[in-house]
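Data first, discussion second: the structure below is written as structure tokens.
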Amino acid sequence: MVTRKRVAALSKEELIVFIQSIIVAKQQDEAFYVLDSGLVMDLFCTWTCNLPMVQPFYAIKCNPNLSFIREMVELGSIFYCSSFAEIEAVLSLGVSPDRIILANPCKVESQIKYAYSVGPSRLETSGAKFPFGAKFGALSEEVVPLLQATQATNLNIVGVSFHISCSGAIHFHAFDGAIATTKIVFEQAAQLCMPKMHILNIGGGFSAGPQFTKGASAVKNALQKYFPNDSNSNLTVIAEPGRFFAELPFTLGTSIIGKRVWHQYKEY
Numbered sequence: 002m003v004t005r006k007r008v009a010a011l012s013k014e015e016l017i018v019f020i021q022s023i024i025v026a027k028q029q030d031e032a033f034y035v036l037d038s039g040l041v042m043d044l045f046c047t048w049t050c051n052l053p054m055v056q057p058f059y060a061i062k063c064n065p066n067l068s069f070i071r072e073m074v075e076l077g078s079i080f081y082c083s084s085f086a087e088i089e090a091v092l093s094l095g096v097s098p099d100r101i102i103l104a105n106p107c108k109v110e111s112q113i114k115y116a117y118s119v120g121p122s123r124l125e126t127s128g129a130k131f132p133f134g135a136k137f138g139a140l141s142e143e144v145v146p147l148l149q150a151t152q153a154t155n156l157n158i159v160g161v162s163f164h165i166s167c168s169g170a171i172h173f174h175a176f177d178g179a180i181a182t183t184k185i186v187f188e189q190a191a192q193l194c195m196p197k198m199h200i201l202n203i204g205g206g207f208s209a210g211p212q213f214t215k216g217a218s219a220v221k222n223a224l225q226k227y228f229p230n231d232s233n234s235n236l237t238v239i240a241e242p243g244r245f246f247a248e249l250p251f252t253l254g255t256s257i258i259g260k261r262v263w264h265q266y267k268e269y
């Protein structure tokens with residue numbers, strides 16, 4: 002792994018020259034990645050400019066490379082972990098436990114005990130996810146019984162989480178429906194005289210491509226529509242982006258050890 006720090010954006014040609022310089026200087030014939038730290042910063046700024054009201058919890062499972070995680074730490078990121086190893090990796094970089102959320106949708110007892118011992122401030126439970134896939138989450142008719150069950154066991158439910166899909170940032174209308182459903186759950190909890198919910202997790206699936214600004218606009222419009230600022234000033238909105246931060250900053254440098262030319266086709 003080679004980290005390339007910069008201020009201005011590198012062109013494709015400049016990146017190729019940089020990779021070639023590594024190959025020449027180190028007599029490198031094995032594949033390697035170049036991490037552009039400046040691009041990580043650009044993506045972080047893009048997120049905060051377009052979704053300033055949504056705190057991003059970087060999903061470690063997307064790319065657990067320590068050099069990359071370290072860049073996210075320096076930018077003040079918060080982290081979404083789903084295993085012992087991911088929590089330990091983040092803690093090893095000096096991240097305080099209150100910047101970690103344990104959100105594996107299917108936790109074993111040992112994971113919950115470990116998380117409690119090291120101190121992540123929140124656990125995400127699969128029973129509170131909207132909208133709902135085939136494996137995890139709850140159906141609409143299951144919400145009130147689930148809330149009543151938490152009351153009976155004195156569990157503190159602080160909010161609702163949903164995940165659109167891996168391409169969710171493209172299906173803009175889905176955010177409106179999911180956030181509308183979340184509002185209903187908040188109201189159902191209030192009707193049961195539960196403590197006011199104050200966390201909304203809009204999940205992951207965001208891409209850093211040109212569609213991001215449209216997806217961000219859809220999220221902002223839905224939040225303003227269903228959770229207007231004047232009545233929900235204590236609402237904390239979070240997300241679990243992974244690919245958004247990890248898909249662009251890495252470039253693979255590798256050797257071509259053979260090629261075949263067949264008519265107009267080239268195979269490497």
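For the sequence shown, counting from 1, position 223 maps to 224 in my numbering; every step adds exactly one.
Cβ coordinates follow ideal geometry from the N, Cα and C atoms, glycine included.
These numbers were taken from a predicted model, which means no experiment stands behind them.
- Remark: three or more beta-carbon pairs, one from each stretch, lie closer than 8 Å, so the segment 150 to 159 and the segment 178 to 195 are flagged as touching.
- By the beta-carbon neighbour count (other beta carbons within 10 angstroms, threshold 16), Glu241 is buried.
- A straight line joining the alpha-carbon of Phe176 with that of Glu142 spans about 20 Å.
- Comparing C-alpha distances from Lys215 to each of Ile185, Ile88 and Thr47 shows the shortest one belongs to Thr47.
- Of the residues assessed, His264 falls on the exposed side of the cut-off, its CB having fewer than 16 other CB atoms within 10 angstroms.
- Each residue's CA atom was taken as its position, placing Ser78 and Pro57 some 7 Å apart.
- Counting the other CB atoms within 10 Å of its CB gives Asp99 a total below 16, which places it among the exposed residues.
- For secondary structure counted as the beta strand (DSSP E) over 3 or more consecutive residues, the segment 200 to 237 holds these complete runs in sequence order: 200 to 202.
- Linking His199 to Leu236 through their CA atoms gives a straight-line distance of about 5 Å.
- For Pro146, no pairing in a beta bridge is given by DSSP.
- DSSP, read as helix, strand or coil, puts Ser84 in coil.
- A Cβ-Cβ contact shorter than 7 Å links Leu201 with Thr183.
- The residue from Ala139, Met73 and Gly243 with its alpha-carbon nearest to that of Gly39 is Met73.
- Taking all protein chains shown into account, Glu188 has fewer than 16 neighbouring C-beta atoms within 10 Å of its C-beta and is therefore exposed.
- Under the 10 Å beta carbon count, Asp37 is surrounded by 16 or more other beta carbons and is classified as buried.
- For Arg71, the enclosing alpha helix (DSSP H) starts and ends at Leu67 to Glu75.
- Relative to Asn230, the option among Met54, Tyr266, Gln212 and Ser12 whose CA is nearest is Met54.
- Between the C-alpha atoms of Ala60 and Met42 there is a straight-line separation of about 17 Å.
- Non-local beta-carbon contacts of Ile23 in its own chain, meaning distances under 8 Å to residues more than five positions away in sequence, involve Val3, Gln29, Phe33, Val35 and Gly254 in chain order.
- Straight-line spacing of the CA atoms in Lys62 and Phe228 works out to 30 Å.
- Ranked by Cα distance from Lys221, the first of Ser208, Ile258 and Phe173 is Phe173.
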